[in-house]
Amino acid sequence: MVFSENVAVKKYLLHDYKGREKLIIHSKKSTMENELYCLRKFSRNGTNPYSPDIIEVGTDYYVMKYYSVKLGARNNYRKLRGLRRILFSISKEELFRQLDEIVDILKEEEIQHFDIHPANILFCEKDKHLKLIDFCCAKTDHIIPNRITELVIREAKYGGDSGTVAMIKKYIDKALIPIEKQVEEVNGLLDIVGKKHFPGSSGLGKTYQKIDIPYFYDRPFHKDTSKEFNAIRSAISIMPKSVIDVGCASGYTIFNLMRMFQLDSAIAYEADPNVFNFLVKIRKYFSLKEFELINKISPDSEFKETDLVICMNVHMWLEKEFGREGSNLIISNLIKNSKEMFFQTAGRESGGQYRVKWLKNKEIIKNYLHDMGGNEVTFIGTLKKRHLFKVTNVS
């Protein structure tokens, strides 16, 4: 394959983990030696969280870990397409702090980047850090790239790297005006959650679990589910690309799985209409394109084949609504169509508003999950008197 000497070429490769990494082939516009030198210096021996991960280095290319979110377009500071997705994970204050810290590190390492713009500011949802990329035009105490003259002229009018970042922050402030109006609208929806009681409702204006989005950290919630999520995260043995969350409530578990694994598909079932409407708005306002919402589950529901199913504290409500036969059909179909499922319910030993009294202990629950089609059922632990299991289906 022949590449033009006048154009830098970018190509995307398939890779085992997440399916995507970025292969950058360089032209003679920049010097590979200089770019890698600047990148290594910026990385501070791998301790700088704002440096991209470089996976492979060749004679005329390097492979960088793929980050799915970039702040915006190369030549249009107004089109901050990734801003909403970034604000799904970190606050404006944290975003600005990270931008300032990037500038500080560049100054401390005596690097002039010369090419900071929204398309070169990526975001890693897993570790919640910005990543500054494309050091092909950077200048430090080594080789001077061929394009330095034209970039110095362009950057001089903005005040260098710090001036460019200051300008980006001004455009972020402008872009926040409609976003913050939409957040006010969502808060109005949350105020009426619990006005009418549904299974799992937690009181007027109070969600069942924490809303893990910075704009809503202060909202009242009923239960801290972070321990359950951490137990699930530690026990996942696959790299899921698709997830079904039955009874996702205000999204704590599925949102964090989306951040961790860059899911292609995240399907959430939520029956409370007020919580469902909240989730619809969240999907739209924070650009969660992989997030699919369904407001009803029943014994007739057809499930797509998926890598991971989350069925936490919803089974007892399914049994209450559909009886044992109906809930069995739902659970068996979920197991049948998944590689792994995490299951927790309120059995007789549990506290809670409703208990499945015939599920007397963890051994009976484990046998039940085997009967529903689980090839292997693993006891994970007991949290607040409720037993958590992982169900593996190997067909």
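The opening residue of the sequence shown carries number 22 in my numbering; numbering runs sequentially from there. Where a beta carbon is used, it is the ideal one built from N, C-alpha and C, also for glycine. Since the model is a prediction, treat every value here as computed from it, not as a measurement.
Short CB-CB distance (under 8 Å) between residue i and chain B
i: V84; result: Given the protein chain composition of this structure (a single chain), no chain B is represented.
Outcome for residue i when other beta-carbon atoms lying within 10 angstroms are tallied against a minimum of 16
i: S348; result: buried
i: W379; result: exposed
i: K191; result: exposed
i: K400; result: According to the sequence displayed, residue 400 carries Phe and not Lys. That one is exposed.
i: E56; result: buried
i: T327; result: buried
i: E384; result: exposed
i: D463; result: Here the chain covers residues 22 to 416 and nothing more, so residue 463 does not appear.
i: Q119; result: buried
i: V398; result: buried
i: V1; result: As displayed, the chain neither begins before 22 nor continues past 416, which places residue 1 out of reach and without an answer.
i: K160; result: buried
i: T80; result: exposed
i: N396; result: exposed
i: Y12; result: Limits of the chain in this structure are 22 at one end and 416 at the other, which puts residue 12 out of reach.
i: D392; result: exposed
i: K202; result: exposed
i: F146; result: Before going on, a small fix: residue 146 reads as Glu here, not Phe. Burial call: buried.
i: E206; result: exposed
i: K310; result: exposed
i: E114; result: exposed
i: K381; result: exposed
Secondary structure of residue i, DSSP reduced to three states
i: H138; result: coil
i: T274; result: helix
i: L404; result: strand
i: E397; result: strand
i: S359; result: strand
i: F299; result: helix
i: C269; result: coil
i: Q230; result: strand
i: L151; result: strand
i: I386; result: helix
i: L284; result: coil
i: T52; result: coil
i: Y236; result: helix
i: K317; result: coil
i: L197; result: helix
i: K305; result: helix
i: V412; result: strand
i: C59; result: helix
i: V214; result: coil
i: S183; result: helix
i: S258; result: coil
i: K244; result: strand
i: G191; result: A small correction: the amino acid at residue 191 is Lys; Gly does not occupy that position in the sequence shown. Helix at K191.
i: A292; result: coil
i: F156; result: coil
For residue i, the nearest candidate out of the options (CA to CA)
i: S271; options: E249, F299, V124, E130; result: F299
i: S322; options: S353, R105, V204; result: S353
i: V204; options: A187, I232, V186, M188; result: I232
i: A367; options: F312, R254, M333; result: M333
i: F312; options: L329, F276, R376; result: F276
i: A187; options: S308, N316, L116, V207; result: L116
i: G184; options: D136, R99, G209, L329; result: D136
i: S371; options: I351, T403, N388; result: T403
i: I318; options: L355, Y83, N388; result: L355
i: Y229; options: C158, P235, L211; result: L211
i: K227; options: H243, V335, R61, I257; result: H243
i: G394; options: I351, Q374, A196, L153; result: I351
i: I213; options: G79, N295, F237; result: N295
i: R254; options: K113, E114, T274; result: T274
i: R407; options: T246, I257, F307, R304; result: T246
i: I386; options: R369, Q374, L92; result: R369
i: R240; options: G373, N208, K248; result: N208
i: Q374; options: M337, E346, L390; result: M337
i: E54; options: H150, I111, L197, F156; result: F156
i: N316; options: F307, L329, D266; result: D266
i: I193; options: Y82, L153, R102; result: R102
i: H134; options: I198, I154, H150; result: I154
Touching or not, the stretch 273-289 and the stretch 335-349, by the rule of three or more beta carbon pairs under 8 Å?
-> no
Three or more beta-carbon pairs under 8 Å between the stretch 355-362 and the stretch 406-415, yes or no?
-> yes
In the stretch 62-139, which residue ranges form an unbroken alpha helix (DSSP H) of at least 4 residues, counting only runs that do not cross its ends?
-> 104-108, 113-129
Complete runs of the beta strand (DSSP E) confined to the stretch 322-379 [at least 3 residues] = 327-333, 359-365
Would you say the stretch 124-142 touches the stretch 251-266, given that touching needs at least three Cβ pairs under 8 Å?
-> no
Three or more C-beta pairs below 8 Å linking the stretch 125-132 and the stretch 58-71 | yes
Would you check if the stretch 72-80 and the stretch 103-113 touch, i.e. whether three or more CB-CB distances between them fall below 8 Å?
-> no
Count the CB pairs spanning the stretch 288-299 and the stretch 77-96 that are closer than 8 Å, and state whether there are at least three.
-> no
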